[in-house]
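Residue numbers for the sequence shown, in the working numbering: 649 to 946.
Each residue gets a CB set at the ideal place from its N, CA and C atoms; glycine is no exception.
Reading through the C-alpha cells given below for one structure.
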Amino acid sequence: MTRSVLIMAHTGRPGAVTSAQLLIRRLADAGVNVRVLEGEAKDIGCSGVEEFPAEPSATAGAELVIVLGGDGTLLRAAELTRHTGTPVLGVNLGHVGFLAEAERADLAVVASRAVSREYEVEERMAIDVTVRVGGVEHRTWALNEASVEKLAREKLLQLVVGIDGRPLSHWGCDGVVCATPTGSTAYAFSAGGPVVWPEVEAMLVVPISAHALFARPLVVSPASTVAVEVTHENEGAVLWCDGRRTVDLPPGSRVEVRRSDVPVRLARLHLTPFTDRLVTKFGLPVAGWRGRVRTQER
C-alpha cells in the first residue's frame, strides 16, 4: 500500500521553503509519497510531489500532516484534518509555537520518525459552535477558542452569558472568550484566563475587560453548554473561531458553545510533560528548584 504524507508550509516564513524541500527529499528517498497544497507548490518548487487543493481531500488517505510554520499554520492544517482524523505534526518556524512538536533544527529527526512511524498520537478536545440569528443557524468549530467581540471600539459590548440553559451574568465588556484546554495558552491566556493542562477536560469562559463585580474566568464542565447572547442595545458584534473563521452577530444573536464529538489529533515525538513545555515556551524561571522531596527511609 502506498504511503502518503502531506507537507504544509507557511512559505512566507524564513526557512520554510528549504525546510519543506529537505523533508520532501528525505521522505521520497524512503519511498513515501509526498503531497503539497496547490497554493504552496510553486513556492516550494519540488518535482515528483502530488498537488492537492486546500480541502479535506488533501488529507484523505494520508498517514500524517507535517506543518512548517507557527500555530496559525497548524490551525489551518487542523481544518483540513478535522473529519479525516489524520494526525498533525508541527515544526515551529514562528515565535512561541505552542502547538508545535519540533523546532527547525529537528527536521532530520522529524523525517526519520515520520518514515518509521515513531510518534504518539494525542487527541485534543475541540468545541462546536452554533450561532442562532432569528430562525437561522450557522455552525462552525474551534480547537483553541470561540470569541465574541465588539465591533465599535468606543463602546462596550453588552452580553448575557448562560451555562446549561440558566442565565449567569450580564457583562458590559470588550468580549468573551470560550476556550478549550488547548486554547488556554492562546487568546484566553492573553485575556487573563488560567492555564489548563491538556488532559483536563473542561471549557473556559473568560470575559475581556468586563465592567462588572463578577467577571472572573470560569472553568465549566466539558458536558456543559455555554451560551453568549448579544443584547438588542448593541450595534452588533462578531464571532471569531481560532482567529480564522468569522460570523457577524447582529443584535439578538445567540452563540452556543459545547464540546465537539470530533477531536483534533496531534502527533507527538516526545512525551514531554506539559510543565516542561510551559517552562520552555514561556521561558519561565525555575532556578532554585530542588526536585522532588524524598521521605527518609526508616
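| Check | Outcome |
| --- | --- |
| Under DSSP, the beta strand (DSSP E) around S652 begins and ends at which residues? | S652 to A657 |
| Could you check the C-alpha separation between R651 and E766 for me, to the nearest Å? | 15 Å |
| Classify P953 as buried or exposed, calling it buried when 16 or more other Cβ atoms lie within 10 Å of its own Cβ. | Shown here, the chain extends from 649 to 946; a query on residue 953 therefore has no answer. |
| Could you tell me which uninterrupted beta strand (DSSP E) segments, each at least 3 residues in length, are contained entirely in the region 672 to 731, listed from first to last along the chain? | 681 to 685, 698 to 700 and 712 to 717 |
| On the criterion of 16 or more Cβ atoms from any shown chain inside 10 Å, does H658 qualify as buried, or is it exposed? | buried |
| Taking C-beta to C-beta, are P735 and L887 nearer than 8 Å? | no |
| With C-beta atoms as the reference, is S857 less than 8 Å away from P842? | no |
| Tell me the residue span of the alpha helix (DSSP H) that contains D754. | First-last for D754: undefined, no H or E at that position. |
| For R892, which three-state DSSP category applies? | coil |
| Name the DSSP bridge partner or partners of N740? | G717 and E751 |
| Ordered along the chain, which non-local residues of its own chain (more than five positions away) have a Cβ less than 7 Å from that of A678? | V763 |
| Is DSSP giving T833 helix, strand or coil here? | helix |
| In three-state terms, what does DSSP make of F930? | helix |
| Taking the alpha-carbon of S838 as reference, which of R814, V874, E793 and P815 has the nearest alpha-carbon? | E793 |
| Could you pull out every residue in the same chain whose Cβ sits closer than 8 Å to the Cβ of R946, ignoring the five residues on either side in sequence? | With a pLDDT of only 46 at R946, under 50, the local geometry of the prediction cannot be trusted, and the value read off the model is given with reservation. Contacts found: none. |
| Quick check: L755 and L671, are their CB atoms within less than 8 Å of each other? | yes |
| Are there 16 or more other CB atoms within 10 angstroms of the CB of T721, so buried, or fewer, so exposed? | buried |
| Let me know the secondary structure DSSP gives A668 once reduced to three states. | helix |
| Residues bridged to H818 by DSSP? | V808 |
| What's the call for E849, buried or exposed, on a 16-neighbour Cβ count within 10 Å? | exposed |
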